[in-house]
Ligand code: TRP
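Numbering (my numbering), first residue to last: 171 to 501.
Rendered as structure tokens:
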């Protein structure tokens, strides 16, 4: 059976972009067709300046939202990365296979390192080595497929390179994974800046719909979305990024495609109103389940404990094999 691994980093509140681009698909498709692992990759949240209490809060919240989105712990494995030591055990070996140059070529590193310096914080070494840990996340489980956004393709390519190199040098140990992107990807853009993606780590609140935003907050953000200078409602990502983003969000909520939907609207106002209501309805059941789960924190903790146990059992044999293959004696 195909094994699928993906992760979500607890560096900010999860957004509509995370839901439409990842979580919903994991719940509706991936967990049914594959042996899937979904991981809150909390160690990755420590690579930039962080507040321990916030990481704790966001990790718990991310795990709760995975469950609220319909990811079913009876069908797949849901866990926190830091609960399974195999990730860091393997990460070190991969650092011994990867090169310094390879790590420095990663686009995310090249973008994030200067940002840290601008803020006056020093760049953590873990920001550089983070792709080795991400590769370990994937390779420890022998995952075949890694559903991720386009921005993660380079990291998955590196993971493939490391797997192939390790296998060639030390004998066949790892499955060589591949990144997968849904055919019709929903790439939700920032409502205030529709040329950049709706990322959870961005600080600008008004352009981002969070999964836990109250209905009135969702409505306000969508009604105030930046639109384009034209007047007619057409789907054209290049020329009309604002309107196209709203059409795509609406299409993702109600089904159908953005081009067809555009024909139904004469004004931007009407499109915004329908999009706002569609998003409110989309989020309603997720928020309801989230509230129920928050009322029973013991349940979420139990799910995570069981998930970590299952994950450990899956990862340990592969990581042990890698330790033997690279030249380390059994304990
Ligand atoms: N780097 C990913 C991100 O920033 C998160 C991540 C960490 C991940 N490990 C992973 C995604 C393994 C898929 C598989 O979004």
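Beta carbons: idealized from backbone N, C-alpha and C, even for Gly.
Among the candidates the options, whose CA atom is the shortest distance from the CA of residue i?
i: residue 494; options: 479, 341, 382, 453; result: 341
i: residue 460; options: 383, 215, 486, 260; result: 383
i: residue 365; options: 288, 397, 338, 300; result: 397
i: residue 389; options: 273, 490, 439, 481; result: 439
i: residue 339; options: 264, 477, 450, 201; result: 264
i: residue 293; options: 306, 309, 458, 274; result: 274
i: residue 183; options: 385, 225, 343; result: 225
i: residue 391; options: 416, 408, 411, 410; result: 416
i: residue 171; options: 201, 475, 191; result: 201
i: residue 482; options: 324, 207, 199, 430; result: 207
From what residue to what residue does the beta strand (DSSP E) around residue i run?
i: residue 348; result: 348-350
i: residue 206; result: 205-210
i: residue 178; result: 173-178
i: residue 317; result: 315-317
i: residue 247; result: 247-250
Hey, would you say residue i sits closer than 9 angstroms to residue j, going by beta carbons?
i: residue 377; j: residue 363; result: yes
i: residue 381; j: residue 181; result: no
i: residue 319; j: residue 282; result: no
i: residue 212; j: residue 239; result: no
i: residue 404; j: residue 432; result: yes
i: residue 418; j: residue 356; result: yes
i: residue 267; j: residue 175; result: no
Less than 8 angstroms between the CB atoms is what I'm expecting for residue i and residue j, so what's the real figure, rounded?
i: residue 232; j: residue 254; result: That belief does not hold up - the Cβ atoms of residue 232 and residue 254 are roughly 16 angstroms apart, past 8 angstroms.
i: residue 434; j: residue 427; result: Not a contact, Cβ separation roughly 12 angstroms.
i: residue 347; j: residue 379; result: So it is not a contact: roughly 31 angstroms between Cβ atoms.
i: residue 321; j: residue 257; result: That pair is no contact at about 21 angstroms.
Here's a check: name, in chain order, each residue in its chain whose Cβ is nearer than 7 angstroms to the Cβ of residue i, leaving out the five neighbours to either side.
i: residue 173; result: 204, 205, 311, 312, 313, 314
Skipping 5 residues on each side, what residues in its chain have a beta carbon closer than 8 angstroms to that of residue i?
i: residue 473; result: 233, 237, 243, 248
i: residue 297; result: 217, 218, 279, 282, 283, 286
Among residues of its own chain, excluding the 5 on either side of residue i, which ones have a beta-carbon nearer than 6 angstroms to its beta-carbon?
i: residue 303; result: 261
i: residue 477; result: 247, 248, 249
What span of residues does the alpha helix (DSSP H) with residue i cover, start to end?
i: residue 467; result: 467-496
i: residue 227; result: 222-238
i: residue 463; result: 438-464
i: residue 385; result: 385-393
i: residue 411; result: 411-424
i: residue 336; result: 323-340
i: residue 305; result: 295-309
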